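Heads up, the sequence shown is in this note's numbering, so the first residue is 77 and it goes up one at a time.
Where is the CB? At the ideal position from N, CA and C, for every residue including glycine.
Bear in mind the structure is a predicted one, so any value in this text is a computation, not a measurement.
Written out below as structure tokens is the structure these notes cover.
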Amino acid sequence: MSFSYQQELLRKSVHLSSLWMVLAVCFLPRTFLLFLFGVLLILNICIEYGYYKNQPFCQTVYGKLFGKMLREKETDGKFHLSGSPYVLGAAFAVTLLFPKEAAATALTVMFLGDTAAALFGRKYGKHKINDGKKSVEGSLAFFSVSLAVLYFFSIVYDFPALVWMAGIGGIFLATLAEVYEDKLRIDDNLSVPLCVGFALSAML
């Protein structure tokens with residue numbers, strides 16, 4: 077069964093609701109954030125595993141809230157993590173590894189860039205790449221929105237030119253990571269913010 081555009085919209089609306097993590101990174105202490113993201117990550121994995129094992133509570137809660145948004149590979153009878161644990165893992169990783177300026181930018185690129193790529197690519201993607209799994213249009217949407225995010229944070233945090241240039245390089249790598257997610261075997265919710273975060277933090 078194919079994943080409809082309406083299901084994609086619903087899934088990405090949940091994705092965008094996680095933008096609260098960016099605000100948290102900007103304003104809350106790192107130690108508290110690591111505890112928060114770590115606990116949420118563990119709980120998320122436990123609930124998803126409980127859903128896979130048909131545990132009644134997890135079936136009721138997780139199934140009703142997110143069942144309609146699961147992709148085909150996430151409902152094939154094998155245990156697969158959804159995108160959510162990777163988002164929380166990314167939030168934990170960027171908080172641990174990078175200054176808050178890089179962490180906030182990297183997470184926002186992941187949330188907004190990925191959403192733009194998925195929705196624009198599904199709607200207008202005519203020129204297919206990576207064996208038809210992605211589109212040029214979706215990748216251009218990802219890159220363009222990510223540049224806009226970088227520009228916004230460069231104003232907020234007054235990034236110097238070298239940081240801006242490093243950020244562009246990181247976004248380019250993140251775009252490739254998003255396109256070739258299947259070949260890299262790394263969920264783009266994790267690879268994208270790490271690419272951007274490492275690039276920015278190298279020059280901060």
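- The C-beta separation of A193 from A217 comes to about 5 angstroms, placing the pair in contact by the 8 angstroms criterion.
- Per DSSP, L95 lies in no alpha helix (DSSP H) and is assigned neither H nor E.
- By the Cβ test, the region 181-196 is in contact with the region 255-275, since at least three Cβ pairs between them sit closer than 8 angstroms.
- Between L195 and L85, the CB-CB gap stays under 8 angstroms.
- Sequence-distant Cβ neighbours of V163 in its own chain, meaning closer than 7 angstroms and more than five residues away, are S94, N265.
- K129 sits in coil when the DSSP states are folded into three classes, being neither helix nor strand.
- Between the region 217-230 and the region 240-248 there are three or more inter-stretch CB-CB distances shorter than 8 angstroms, so the stretches are counted as touching.
- In the three-state scheme derived from DSSP, where H, G and I count as helix and E and B as strand, K140 is classed as helix.
- Counting C-beta atoms within 10 angstroms of its own C-beta, F235 has 16 or more neighbours from the protein chains shown and is therefore classed as buried.
- For the alpha helix (DSSP H) assignment, the uninterrupted runs of no fewer than 4 residues enclosed by the region 220-257 are, from N- to C-terminal side, 237-255.
- Looking at the backbone, the Cα of P161 and that of L117 are separated by about 6 angstroms.
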